[in-house]
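J.: Numbers 1 to 413, taken from my numbering, label the letters of the sequence shown in order.
Even for Gly, the Cβ is constructed at its ideal location relative to N, Cα and C.
Just so we're clear, the structure is a prediction, and the values are computed from it rather than from any experiment.
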Amino acid sequence: MDRSILEGNPHLVIEGMVIAAIAIGATEGFIFVRTEYPLARKHTEVALQHARNHGLLGKNILASGIDFDIEIVRGAGAYVCGEETALIASIEGRRGMPRPRPPYPVEKGLWGRPTCINNVETLANVPIIIEQGSEAYAAIGVEGNSGTKIFSLVGKIRNTGLVEVPLGIPIRKVVYDIGGGPLEGQKIKAVQTGGPSGGCIPEELFDLPVTFDSLTEAGSIMGSGGMIVIDEETCVVDLAKYFLTFTQEESCGQCPPCRVGSRAMLVLLDRITEGTATMADLDKLEQLAGTVREASLCGLGKNAPNPVITTLRYFREEYVEHIEKKQCRAFTCKQLITYTIDEERCNGCGACFRVCNDDAIIGEPKQLHVIDQDRCVHCGNCFVVCPPSLAAVVRTSGELTRYEEPVVKAKKG
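1) Excluding five sequence neighbours on each side, which residues of the same chain lie with their C-beta closer than 6 Å to the C-beta of Gly413?
2) Please state the DSSP three-state secondary structure of Gly413.
3) For Val414, which option in Gly290, Ile188 and Asp281 has the closest C-alpha, if you only look at C-alpha atoms?
4) Please report the distance separating the alpha-carbon of Gly199 from that of Val80.
5) Taking contact to mean 3 or more Cβ pairs, one atom from each stretch, closer than 8 Å, check whether the region 23-39 and the region 85-97 are in contact.
6) Taking only three categories from DSSP, how would you classify Gly223?
7) Among the residues of its own chain, which have a CB less than 6 Å from the CB of Phe151, if the five just before and after it don't count?
8) Considering Lys284, what are the terminal residues of the alpha helix (DSSP H) in which it resides?
9) Please name the residue in Glu15, Gly82, Phe331 and Ala330 whose C-alpha comes closest to that of Phe68.
10) Is the beta carbon of Pro100 less than 8 Å from the beta carbon of Leu300?
11) Thinking C-alpha only, which one of Val142, Pro202, Gln132 and Gly195 is nearest Arg313?
12) Along the chain, which unbroken stretches of the beta strand (DSSP E) at least 3 residues long are found entirely within the region 19-101?
13) Using only CA atoms, which one of Thr122, Pro105 and Leu12 lies nearest to Thr115?
14) From Pro387 to Cys328, what distance separates their C-alpha atoms?
15) What does a CB cutoff of less than 6 Å around Pro10 pick up in its chain, not counting 5 residues either side in sequence?
16) Which residue marks the beginning of the alpha helix (DSSP H) containing Tyr176, and which one marks its end?
17) Tell me the DSSP bridge mates of Glu164?
18) Compare the beta carbon distance of Val174 and Leu153 with 8 Å and say whether it is the shorter of the two.
19) What are the boundary residues of the beta strand (DSSP E) that includes Arg395?
20) From this set, Glu204, Ile171 and Ile157, which residue's C-alpha is nearest Gly181's C-alpha?
21) In whole angstroms, what is the alpha-carbon distance linking Asp281 and Glu107?
22) State the Cα-Cα distance for the pair Ser251 and Asn303, rounded to the nearest angstrom.
23) Buried or exposed: where does Asp207 fall if 16 or more other Cβ atoms within 10 Å of its Cβ makes it buried?
24) Within its chain, find whatever has a CB closer than 7 Å to the CB of Tyr319; leave out the 5 residues flanking it on each side and keep chain order.
25) Here's the rule I'm using: 16 or more other beta-carbon atoms within 10 Å means buried, otherwise exposed. How should Lys414 be labelled?
26) Ser134: buried (16+ other C-beta within 10 angstroms of its C-beta) or exposed?
27) Tell me the DSSP bridge mates of Tyr339?
28) Thinking Leu110 and Ala20 are a contact (beta carbons under 8 Å), I'd like their distance in whole angstroms, please.
29) Ile66: which of Asp231, Ile169, Val18 and Val165 sits nearest, CA to CA?
30) Whose C-alpha, out of Ala289, Thr234 and Glu232, is nearest the C-alpha of Arg259?
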């Protein structure tokens with residue numbers, strides 16, 4: 001969302017920064033842009049030069065006696081630099097690592113000077129509020145949550161993209177009215193808000209208004225404005241593992257609760273998705289998640305357990321199925337899936353035989369093929385390549401079995 005603003009209308013952010021600088025008496029401004037966003041940086045550089053050419057930046061802006069200029073700083077891509085003290089360290093040329101607060105940046109920030117840090121989206125709203133008035137802005141949204149919020153709406157829905165909605169709008173309206181609802185033949189299961197450190201909110205809570213407080217009460221966060229819709233084909237255990245893998249890799253490693261705790265959680269999730277965990281491991285996972293949340297130094301560590309905590313809160317039965325039944329209802333966790341060949345459908349075409357890299361499929365051409373379960377690594381290649389007209393490869397997970405109906409094409413004429 002921030003990238004799209006800087007790519008599409010960087011002048012709005014620059015104007016917001018100038019207004020903020022005049023309000024607090026600042027003379028220097030910095031825009032921190034990830035290296036992965038070269039177009040955003042390029043457009044912002046052009047906009048800054050335009051502003052300087054028109055006397056809107058630099059010395060004695062519009063003969064007002066006010067000095068203020070803006071510099072672009074390229075970030076190295078560290079997710080943790082979204083935390084304000086880590087961002088300050090990065091701008092100063094040090095490793096982006098959070099520090100304890102207080103002192104807060106407004107008291108002691110860049111090079112020890114008072115520093116006001118805001119998000120791109122916040123600064124882009126400032127000129128609009130100044131132009132239209134605070135009452136007009138406050139009229140949008142709900143009490144305590146005024147204005148709009150941009151979300152990156154993605155996932156298992158018909159319409160994806162950036163959407164700007166008034167705060168207080170129900171999640172259901174965003175997902176079903178704006179997003180167009182689920183893909184054909186599917187059912188929406190949950191939505192994950194707030195980016196990798198956000199939580200999963202089940203479909204039965206979609207009438208919740210999108211506000212900072214309501215999302216927090218549900219176990220999630222507003223965060224960076226991500227909104228990922230998942231359907232019944234998504235395994236929540238695997239989803240929690242995916243997001244925790246990201247935050248664990250992005251941890252700066254400074255504090256043990258985040259560095260050690262997130263890694264220990266990931267080990268437990270690996271066991272659960274591989275079918276080697278016990279119910280004691282599930283209790284340990286829940287305990288660890290609470291410890292990491294309470295004891296971590298910065299927001300990355302404190303929010304990293306959110307995907308685990310919320311999926312345990314709302315979808316605990318899926319964790320239990322993985323452990324007790326060795327079953328993944330979404331057929332996602334590959335170690336819990338067994339592949340067999342239906343002898344009545346197999347015609348010995350050899351498609352599965354040719355893609356098996358582990359020599360787990362046995363059979364002569366034009367004869368029934370069999371999968372050696374001791375050699376099978378559950379890659380699923382055989383299932384993918386089996387001709388739809390045969391659909392001879394069958395998947396099972398615990399007590400669940402999935403048959404694909406053969407696709408029969410009508411002959412021409």
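T.: Quick look at the numbers:
1) In the sequence shown, the residue the question calls residue 413 occupies position 413. Its pLDDT being 49, under 50, Gly413 is placed unreliably by the model, and nothing is read from it.
2) Taking the first residue of the sequence shown as 1, we reach residue 413 at position 413. Residue confidence for Gly413 is low, a pLDDT of 49 falling below 50, so the modelled location carries little weight and cannot support an answer.
3) The question about residue 414 has no answer here: the residues shown for the chain are numbered 1 through 413.
4) Locating residue 199 in the sequence shown gives position 199, where the first residue counts as 1. Locating residue 80 in the sequence shown gives position 80, where the first residue counts as 1. C-alpha separation (whole angstroms): 18 Å.
5) yes
6) Translated into positions along the sequence shown, residue 223 becomes position 223. Residue state, collapsed to three classes: coil.
7) Locating residue 151 in the sequence shown gives position 151, counting from the first residue. So the qualifying residues of the chain are Val163, Gly225 and Met227.
8) Indexing the sequence shown from 1 puts residue 284 at position 284. Start and end: Met279 to Ala295.
9) Indexing the sequence shown from 1 puts residue 68 at position 68. Considering only alpha carbons, the answer is Glu15.
10) Here residue 100 is taken as the residue at index 100 of the sequence shown, counted from 1. Here residue 300 is taken as the residue at index 300 of the sequence shown, counted from 1. Contact: no.
11) Numbered from its first residue, the sequence shown carries residue 313 at position 313. Checked all of Val142, Pro202, Gln132 and Gly195; the closest Cα to Arg313 is Pro202.
12) 28-34 and 69-75
13) In the sequence shown, counting from the first residue as 1, residue 115 sits at position 115. Residue Pro105 is the option with its Cα nearest to Thr115.
14) On the sequence shown, residue 387 is found 387 positions in, with the first residue counted as 1. On the sequence shown, residue 328 is found 328 positions in, with the first residue counted as 1. Near 25 Å, if we compare the C-alpha coordinates of Cys328 and Pro387.
15) Residue 10 sits at position 10 when you count from the first residue of the sequence shown. Closer than 6 Å at the Cβ level, and outside the excluded window around Pro10, lie His43, Thr44 and Ala47.
16) Counting from 1 along the sequence shown, the entry for residue 176 is found at position 176. Neither: Tyr176 is in no alpha helix (DSSP H) and is coded neither H nor E.
17) Stepping through the sequence shown from its first residue, residue 164 is reached at position 164. Glu164 pairs with Ile150.
18) The residue you call residue 174 lines up with position 174 of the sequence shown. The residue you call residue 153 lines up with position 153 of the sequence shown. Contact: yes.
19) One-based indexing of the sequence shown puts residue 395 at position 395. Segment Val393 to Ser397, the beta strand (DSSP E) holding Arg395.
20) Taking the first residue of the sequence shown as position 1, residue 181 is located at position 181. Among Glu204, Ile171 and Ile157, the Cα nearest to that of Gly181 belongs to Ile157.
21) For the purposes of this step, residue 281 is identified with residue 281 of the sequence shown, where counting begins at 1. For the purposes of this step, residue 107 is identified with residue 107 of the sequence shown, where counting begins at 1. Cα to Cα, Asp281 sits roughly 44 Å from Glu107.
22) Sequence index remark: in the sequence shown, residue 251 carries index 251 (1-based). Sequence index remark: in the sequence shown, residue 303 carries index 303 (1-based). The straight-line gap from Cα to Cα measures roughly 12 Å.
23) In the sequence shown, the residue the question calls residue 207 occupies position 207. Per the 10 Å Cβ criterion, exposed.
24) As a first step, residue 319 must be located in the sequence shown, where it is residue number 319. Result list for Tyr319: Val237, Ile272, Leu282 and Leu312, in chain order.
25) Given a span of 1 to 413 for the chain in the structure shown, any question on residue 414 remains unanswerable.
26) Taking the first residue of the sequence shown as position 1, residue 134 is located at position 134. Exposed, by the Cβ-count rule.
27) As a first step, residue 339 must be located in the sequence shown, where it is residue number 339. Looking at the DSSP assignment, Tyr339 forms a beta bridge with Arg395.
28) Along the sequence shown, one-based indexing puts residue 110 at 110. Along the sequence shown, one-based indexing puts residue 20 at 20. Not quite, the Cβ-Cβ distance comes to about 15 Å (not below 8 Å), so this is no contact.
29) Numbered from 1 along the sequence shown, position 66 holds the residue referred to as residue 66. Out of Asp231, Ile169, Val18 and Val165, Val18 has the C-alpha closest to the C-alpha of Ile66.
30) Taking the first residue of the sequence shown as position 1, residue 259 is located at position 259. Looking at the Cα atoms, Ala289 is the closest of the given residues.
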